[in-house]
Amino acid sequence: MILVKPRPQGTTLPRLCILTDLCCLCSHRALSHAPTSLHINQTQHCKLLPGMVSSQAQLCRSNLELMQTIVQAAREVKKTCQKTFSDMRWNCSSIDIPIDAQKYPPDLERGTREAAFVYALSAATISHTIARACTSGDLRLCSCGPMPAEIPEPGYRWGGCADNLHYGLIMGSKFSDAPMKMKRAGSHANKLMHLHNSEVGRQALRDAMVMKCKCHGVSGSCSIRTCWRGLQDLREIAMDLKTKYLSATKVVHRPMGTRKQLVPKDIDIRPVRENELVYLQSSSDFCIRNDKQGSVGTQDRQCNKTSMGSDSCDLMCCGRGYNPYTEKLVERCHCKYHWCCYVTCKKCERIVERYVCK
Ligand SMILES: *[C@@H]1O[C@H](CO)[C@@H](O)[C@H](O)[C@H]1NC(C)=O
Ligand SMILES: *[C@@H]1O[C@H](CO)[C@@H](O)[C@H](O)[C@H]1NC(C)=O
Ligand SMILES: *[C@@H]1O[C@H](CO)[C@@H](O)[C@H](O)[C@H]1NC(C)=O
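Here you go:
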């Protein structure tokens, strides 16, 4: 089904969003392309953000500040996904497809393992960004999270500003899950899959709430510590989700009791676990280009000759072999400390050998 919205005057932003069967990621993907200069502080700005379903647009109009945070989160999803998968054959490049592309890439629109990861990461990132925005004072409707109820150990005291995980989770899921709650969008199986994986992402976020402390006392003696509950960085949460991606469970949509549910395909009859990512369709091996499967292939990808991991030339190039090339690196070297107080360095050039897949 194709939805073409008229282009509002005075903007150059494409307003074309194709609601394929499964385009629940439309909004995340589209928002990550919003111009960086766009500062959402008027309700008209909501119209400039394509790809949102009606309840998301409503949330935008009623809470502009929050929307600005969500746009920021959408950019963060893209960056974090690509960084986390830079050593893998599938490197999240398809998240970068322009919003006016005729079709969304099938690696993320089919119910694949890759889609599972992106949904989980999106849900976690949106809630993470909102929780942090509360702490930093960017959002007027929320502030620091609550202090822990328990009495602190001797030498410790509660203080600082906790990340507002609770608010982040509520507002984040309101936005993230909106497309999957629409009647029209996609098959029941895919909606269940995306909702489940989004919840896995938010659970990873809950698990990433840790104690953070600051030392006080005479010249850093740390005789007393002020502590608060804060979220780990997104990068660590993404690594946690990558581990879950690697051990994701294939599921089928099958009657369980009175309703159809997702159940593991191969393993004994057990419900899907709350902390496992699930997918419905197997992926390509991403070795060669296959547009139908959303694979760009690994030709010309850089590989690492000494690595034993997924970025090794063997695995990355799928046994096709690789071509060496040389690169000139310019580095600071022969640094000297001058008393007092500056450092001078020389520039040294170094030739390194690199490899790309055939
Ligand atoms: C909206 O934000 C822009 C950019 O920061 C600013 O120039 C403009 O004055 C703001 N408008 C309102 C109504 O606050
Ligand atoms: C991902 O892989 C594609 C295809 O090989 C390549 O063009 C792109 O630069 C890579 N992206 C990143 C972020 O590494
Ligand atoms: C290649 O892999 C090795 C071993 O994992 C690592 O020490 C090295 O930094 C990597 N090189 C590059 C260019 O990434």
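Just so we're aligned: the sequence shown equals residues 1 to 358 in UniProt numbering.
In this text, a Cβ means the ideal position worked out from N, Cα and C, and glycines have one as well.
Taking only runs that begin and end inside the segment 206-279, name each unbroken alpha helix (DSSP H) of 4 or more residues, in chain order. 234-246
Let me check you understand the geometry: is the CB of Ser86 closer than 7 Å to at least one non-hydrogen atom of ligand 3? Position 86 of the sequence shown, counting from 1, holds the residue named residue 86. The answer is no for Ser86.
Between Leu192 and Ser127, what straight-line distance do the alpha-carbon atoms span, to the nearest angstrom? Walking along the sequence shown from the start, residue 192 turns up at place 192. Walking along the sequence shown from the start, residue 127 turns up at place 127. The alpha-carbon atoms of Leu192 and Ser127 are separated by roughly 20 Å.
Cutoff 7 Å; reference Gln9; Cβ partners in own chain excluding five residues on either side: For the purposes of this step, residue 9 is taken as the residue at position 9 of the sequence shown. Summary for Gln9: the model assigns pLDDT 35, below 50, so the residue's position carries little reliability, and this model does not support an answer.
Given this structure, state the Cα-to-Cα distance separating Thr249 from Ala115, to the nearest angstrom. Taking the sequence shown and counting its residues from 1, one reaches residue 249 at position 249. Taking the sequence shown and counting its residues from 1, one reaches residue 115 at position 115. Taking the straight line joining both Cα atoms gives about 13 Å.
Beta-carbon separation of Arg301 and Met316 under 8 Å? One-based indexing of the sequence shown puts residue 301 at position 301. One-based indexing of the sequence shown puts residue 316 at position 316. Going by C-beta atoms, Arg301 is nearer than 8 Å to Met316.
Where Thr344 sits in the DSSP three-state scheme: By one-based count along the sequence shown, residue 344 stands at place 344. Three-state result, Thr344: strand.
Report back the beta-carbon spacing between Arg132 and Ile224 to the nearest angstrom; my notes put them in contact at under 8 Å. Along the sequence shown, one-based indexing puts residue 132 at 132. Along the sequence shown, one-based indexing puts residue 224 at 224. Incorrect: roughly 26 Å between the Cβ atoms, too far for contact.
Whole angstroms is fine: what's the gap from Asp87's alpha carbon to Leu64's? Sequence index remark: in the sequence shown, residue 87 carries index 87 (1-based). Sequence index remark: in the sequence shown, residue 64 carries index 64 (1-based). Computed Cα separation, rounded: 37 Å.
Using the three-state DSSP reduction, which class does Leu165 fall into: helix, strand or coil? The sequence position of residue 165 within the sequence shown is 165, counting from 1. Helix at Leu165.
How many Å lie between Gln68 and Arg75 at the Cα? For the purposes of this step, residue 68 is taken as the residue at position 68 of the sequence shown. For the purposes of this step, residue 75 is taken as the residue at position 75 of the sequence shown. C-alpha separation (whole angstroms): 11 Å.
So who's on the other strand from Leu329, going by DSSP bridges? As a first step, residue 329 must be located in the sequence shown, where it is residue number 329. Per DSSP, Arg350.
Output the distance between the C-alpha atoms of His216 and Ile351, rounded to the nearest integer angstrom. The count along the sequence shown starts at 1 and reaches residue 216 at position 216. The count along the sequence shown starts at 1 and reaches residue 351 at position 351. Using only the alpha carbons, I get a separation of about 48 Å.
Near Trp90, which residues of its chain fall below 6 Å by C-beta distance, leaving aside the five closest residues on each side in sequence? What you label residue 90 is simply residue 90 of the sequence shown in a count that begins at 1. Excluding positions up to five away in sequence, the list reads Glu114, Phe286.
Nearest-angstrom Cα separation, counted from Gly160 out to Cys213: The residue given as residue 213 occupies position 213 in the sequence shown. The residue given as residue 160 occupies position 160 in the sequence shown. The straight-line gap from Cα to Cα measures roughly 9 Å.
Simplified DSSP assignment, three categories, for Arg289: The residue given as residue 289 occupies position 289 in the sequence shown. DSSP places Arg289 in strand when its eight states are reduced to three.
By a C-beta neighbour count over all protein chains shown, 10 Å radius and 16 as the cutoff for buried, is Ile99 buried or exposed? By one-based count along the sequence shown, residue 99 stands at place 99. The predicted position of Ile99 is uncertain, since its pLDDT is 47 and thus under 50; a value taken from the coordinates is nonetheless stated next. Buried is the call here.
Is Val53 helix, strand or coil by DSSP? Taking the sequence shown and counting its residues from 1, the one referred to as residue 53 is at position 53. Val53 falls in the coil class under three-state DSSP.
May I ask you to check if the CB of Gln82 is nearer than 7 Å to at least one heavy atom of ligand 2? Here residue 82 is taken as the residue at index 82 of the sequence shown, counted from 1. Correct: Gln82 has its Cβ closer than 7 Å to ligand 2.
Following a CB-centred definition, is Asn304 positioned closer than 7 Å to any heavy atom of ligand 3? Locating residue 304 in the sequence shown gives position 304, where the first residue counts as 1. Yes, the beta carbon of Asn304 sits closer than 7 Å to at least one heavy atom of ligand 3.
Hey, how far is the Cα of Leu16 from the Cα of Gly51? Stepping through the sequence shown from its first residue, residue 16 is reached at position 16. Stepping through the sequence shown from its first residue, residue 51 is reached at position 51. Residue placement at Leu16 is flagged as unreliable, the pLDDT there being 29, under the threshold of 50; a coordinate-derived value is accordingly withheld.
Complete runs of the alpha helix (DSSP H) confined to the segment 62-100 [at least 4 residues]: The qualifying runs are 64-84.
Less than 7 Å between the CB of Val296 and some heavy atom of ligand 2, yes or no? Residue 296 sits at position 296 when you count from the first residue of the sequence shown. Answer for Val296: yes, Cβ within range of ligand 2.
Could you tell me the alpha carbon to alpha carbon distance between Ala149 and Ser310, rounded to whole angstroms? Position 149 of the sequence shown holds residue 149. Position 310 of the sequence shown holds residue 310. C-alpha separation (whole angstroms): 44 Å.
Is it the case that the CB of Asn164 approaches a heavy atom of ligand 2 more closely than 7 Å? Working through the sequence shown from its first residue, we reach residue 164 at position 164. Every heavy atom of ligand 2 is 7 Å or more from the Cβ of Asn164, so no.
How close, in whole Å, do the beta carbons of Gly172 and Ile237 come, if the pair is a contact with beta carbons under 8 Å? Counting from one through the sequence shown, the residue named residue 172 turns up at place 172. Counting from one through the sequence shown, the residue named residue 237 turns up at place 237. Separation of the CB atoms of Gly172 and Ile237 is rounded to 13 Å, and the pair is thereby denied contact status at 8 Å.
Over the uninterrupted beta strand (DSSP E) stretch that includes Arg157, give me the two end residues. Position 157 of the sequence shown holds residue 157. That run of the beta strand (DSSP E) goes 156-158.
I believe Ala120 touches Ser198 by the beta-carbon criterion, under 8 Å. Please report the beta-carbon distance rounded to the nearest angstrom. Looking up residue 120 in the sequence shown gives position 120. Looking up residue 198 in the sequence shown gives position 198. Yes, they are in contact, since the Cβ atoms of Ala120 and Ser198 sit about 6 Å apart, within 8 Å.
Can you tell me whether DSSP reads Cys303 as helix, strand or coil? Counting from 1 along the sequence shown, the entry for residue 303 is found at position 303. It is a strand residue.
Would you kindly report the start and end of the unbroken alpha helix (DSSP H) that includes Asp314? What you label residue 314 is simply residue 314 of the sequence shown in a count that begins at 1. Here the alpha helix (DSSP H) through Asp314 covers 313-316.
Would a C-beta distance cut-off of 8 Å place Thr112 and Leu234 closer than the cut-off? Sequence index remark: in the sequence shown, residue 112 carries index 112 (1-based). Sequence index remark: in the sequence shown, residue 234 carries index 234 (1-based). No. Outside cutoff.
What does the alpha-carbon distance come out to for the pair Arg354 and Thr326? Sequence index remark: in the sequence shown, residue 354 carries index 354 (1-based). Sequence index remark: in the sequence shown, residue 326 carries index 326 (1-based). Taking the straight line joining both Cα atoms gives about 6 Å.
Are the CB atoms of Asp240 and Ala204 nearer to each other than 8 Å? The count along the sequence shown starts at 1 and reaches residue 240 at position 240. The count along the sequence shown starts at 1 and reaches residue 204 at position 204. Yes, these two residues count as a Cβ contact at 8 Å.
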